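Right, one structure below, let's go through it.
Residue numbers (this note's numbering): 1496 to 1731.
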């Protein structure tokens, strides 16, 4: 499937996406080790069956082109930043680069490259931390990680749009909201909001205000992973 997409169709395709599509299961998440192309399964506890907290997916309905070109060039900038780092850490994997050397400017990088590299290394560690919070169902700490990742996307990577900023900010104003972050690579205009069931109606009301301001009618649903992709044949 990977070769069919990348070679025959000439379409960019990530192995992790294909593994997720083919092996997904109800309420399961995959924690990937892209260095070794392996993954571990985690049960996502904040679904509709959760007694207290749920994860809400909000599709802002902004045009797909709103961030596509910006993200394309941002990825090229990130690759260039790590090529510079590789000159200082020959043979090391990206995850092995010490973030402290970047933040303290031990390694010389221009400001944009430093921010890009700092964000990638920070997010890599935060994703590990988040995966370890799922089994104990530590919603408050997971919400804090959401906030740190979103702050990094905004301030270090600088990939956001007014619509996303508005949805994130409105979530943060609610009692019972633990955190919100861009998802689906953050580039399709989707966010995940971790909040209490009691706060859910208040946030849904805010989405009506969003439509009046920006002209896009958002869609939302409580997150819950589903079954893997499959070929469905029509009945004869």
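No residue lacks a Cβ here, since even glycine has one placed at the ideal position from N, Cα and C. None of these values were measured; they are calculated from a predicted model.
In the structure shown, residue 1644 falls within a helical segment according to DSSP collapsed to helix, strand and coil.
Taking a 10 Å sphere around the C-beta of residue 1524, we find 16 or more other C-beta atoms and assign the residue as buried. The region 1582 to 1616 is shown to contain whole alpha helix (DSSP H) runs of 4 or more residues at 1594 to 1598, in chain order. Sequence-distant Cβ neighbours of residue 1638 in its own chain, meaning closer than 8 angstroms and more than five residues away, are 1672, 1673, 1674, 1689.
Looking only at 1694, 1584, 1617, 1614, the smallest Cα-Cα distance to residue 1601 is reached by 1584. Just so you know, the alpha carbons of residue 1651 and residue 1614 end up roughly 6 angstroms apart. By the criterion of a C-beta distance shorter than 7 angstroms, residue 1659 is surrounded in its chain by 1555, 1677, 1684, 1686, once the five residues flanking it on both sides are discounted.
Beta bridge pairing from DSSP links residue 1537 with 1524. A distance below 6 angstroms between beta-carbons, with the five flanking residues on each side excluded, links residue 1582 to no residue of its chain.
The residue among 1539, 1595, 1609, 1598 with its C-alpha nearest the C-alpha of residue 1572 is 1609.
Going by C-alpha positions, residue 1636 is about 10 angstroms away from residue 1629.
Residue 1576 is not a Cβ neighbour of residue 1621, given a cutoff of 8 angstroms. Cβ contact annotation for residue 1661 (same chain, cutoff 8 angstroms, sequence separation greater than five): 1705, 1708, 1709, in chain order. In the DSSP annotation of this structure, the continuous segment of the alpha helix (DSSP H) that includes residue 1707 starts and ends at 1695 to 1709.
Per the coordinates, the alpha-carbon of residue 1531 lies some 28 angstroms from the alpha-carbon of residue 1563. If you draw a 10 Å sphere on the C-beta of residue 1504, you find fewer than 16 other C-beta atoms in it, and that means exposed. Taking 8 angstroms as the cut-off, the Cβ atoms of residue 1514 and residue 1723 do not count as close. DSSP places residue 1518 in the uninterrupted alpha helix (DSSP H) bounded by 1510 to 1518. By the CB criterion at 8 angstroms, residue 1542 and residue 1667 fall outside the cutoff. Listed as beta-bridge partners of residue 1548 by DSSP are 1691.
Cβ-Cβ separation between residue 1721 and residue 1545: approximately 17 angstroms, too far for a contact (criterion under 8 angstroms). Residues 1594, 1647 of the same chain have their beta carbon placed closer than 7 angstroms to that of residue 1617, with the five preceding and five following residues left out of the count. Taking the C-beta atoms as reference points, residue 1632 is found no nearer than 8 angstroms to residue 1665.
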